[in-house]
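Heads up: the structure comes next, in structure tokens.
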Amino acid sequence: MIKKIAILTSGGDAPGMNSAIFGVYTACVQHKIKLYGVIGGYDGLIDNKFTEITFDTLNGRINSGGSIIKSSRSPRFLKDTYIKKAIKNIKDNKIDALVVIGGDGSIRGAMELRDAGISVITLPGTIDNDLHFSHTIGYDTATNNIVKAVDNICDSLSSFDYGCVVKIMGRSCPDLLLSSAQALHTDLLVTSKDFDLNSLVKKIKATHDKNHLPTVVLVLEDVVDCTELANILQEKCKFQFRPHILGYIQRGGSPTAFDRKYGYSAGIMAVDCILTKETGFAIGMQGECLVKKPFAETVK
Ligand code: ADP
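Mapping the sequence shown onto numbering that gives the first Met the number 0, position 273 (from 1) lands on 272, and the numbers just tick up by one.
In structure tokens form, the structure reads like this:
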């Protein structure tokens, strides 16, 4: 009999994480299960920070971005001694199953817990889309945030006939950059360190000469320095370039309808799986459907 479920959010926060928590909470209420939030991801597991989630915890906050139970990157959780401490806390608190919302790294953490006999379900909460699902929770909102921000930048830049170099999140995964590029109608992209500068300059000149669209170069984070690239392009193309680092603007703000519905229904399905003892799975969207996959099939 399932009496207590715990939930945590880990890694980079993603809009829609709160909707997922709400989905899990709703199903728990329906099945008379107590739901506990682990405050601050895997760090909270190690430090025994469990708090009961009630209607008051969620009231007025389910449609906001970020995570109401806080997230963390936990270097301690990479060490066996701390994983053991986390497992002891899960057992001492008599938690029957754990829901982990996060990205690639968080799923690897969940695999450690599963291997130690903990019942775990994961939901893919990351703007990076770096998992083997067609979408992750937060990816749609982040794409829209980027498109809106770059559109705003372009209003000014095109009035002055400047170009811009915009740094896009995603770590080594270019999905967010590519989906934003499609919506912004730009093919001026830098997704690897060994990109071809000459061909980029050629493309920029051709685009700029036609003057159809603003000159927007999207650069994947950690690949090249945006300011340096803007300076080089300015010199080679003979018009002004401005670097823009959008930062947390990309992953903040209220989630789109898509991410809210996705998070909520994935949360409901997580509890269904726990009740039918189908744990050890990641639940996420493949095309139009929610599916469950073994953890190892979801990490890239
Ligand atoms: P994301 O889940 O968004 O990919 P990270 O890669 O930062 O974010 O991972 C979040 C946390 O997951 C890490 O801080 C760490 O605590 C845990 N984690 C990552 N990789 C592993 C691993 N191989 N084993 C155990 N825990 C891991």
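C-beta: ideal position from N, C-alpha, C; glycine also. Since we're looking at a predicted model, the values are computed, not measured.
Check                                                                                                                                                         : Outcome
So is G22 buried or exposed if we call it buried at 16+ other beta carbons inside 10 Å?                                                                       : buried
Applying the criterion that 16 or more other CB atoms from any shown protein chain within 10 Å of the CB defines a buried residue, is K291 buried or exposed? : buried
In chain order, what residues have a CB nearer than 6 Å to some heavy atom of ligand 1?                                                                       : S9, G10, G11, Y41, R72, S73, F76, L77, G101, G102, D103, G104, S105, R107, G108, E111, T125
Looking at C-beta atoms only, is the number of pairs between the stretch 138-147 and the stretch 110-128 that lie closer than 8 Å three or more?              : yes
Less than 8 Å between the CB atoms is what I'm expecting for T190 and P173, so what's the real figure, rounded?                                               : 4 Å
I'd like to know whether the C-beta atoms of R75 and I117 end up nearer to each other than 8 Å.                                                               : no
Between the Cα of D55 and the Cα atoms of G40, L34, A85, S71, which residue gives the shortest distance?                                                      : L34
Counting only runs of 3+ residues fully inside the stretch 85-110, write out the beta strand (DSSP E) ranges in chain order.                                  : 96-101
Decide if T50 is buried, meaning its Cβ has at least 16 other Cβ atoms within 10 Å, or exposed.                                                               : exposed
Nearest to H243 by alpha carbon, out of N197, G162, A180?                                                                                                     : G162
Quick one: residues in its chain with C-beta nearer than 7 Å to the C-beta of I61, no 5 flanking neighbours on either side, listed in chain order?            : N17, S18, F21
Helix, strand or coil for R162 per DSSP?                                                                                                                      : Note that residue 162 corresponds to Gly in the displayed sequence, not to Arg. Strand.
Please classify F132 as buried or exposed, where buried requires at least 16 other C-beta atoms within 10 Å of its C-beta.                                    : buried
How would you call Q285, buried or exposed, if buried means at least 16 neighbouring beta carbons within 10 angstroms?                                        : exposed
Distance check for D208 and A265, CA to CA, integer angstroms please.                                                                                         : 47 Å
Name the residue from D12, T121, I1 whose alpha carbon lies nearest to the alpha carbon of Q249.                                                              : D12
Going along the chain, which residues of its own chain have a beta-carbon closer than 7 Å to the beta-carbon of F257, five neighbours each way excluded?      : D139
With respect to the alpha helix (DSSP H) encompassing T25, which residues constitute its N-terminal and C-terminal limits?                                    : 16-29
Restricting to Cα atoms, I'd like to know which of L232, Y81, V164 is closest to N47.                                                                         : Y81
Can you tell me whether L77 is buried or exposed, with buried defined as 16 or more other CB within 10 angstroms of its CB?                                   : exposed
By how many angstroms is the C-alpha of K204 removed from the C-alpha of G64?                                                                                 : 39 Å
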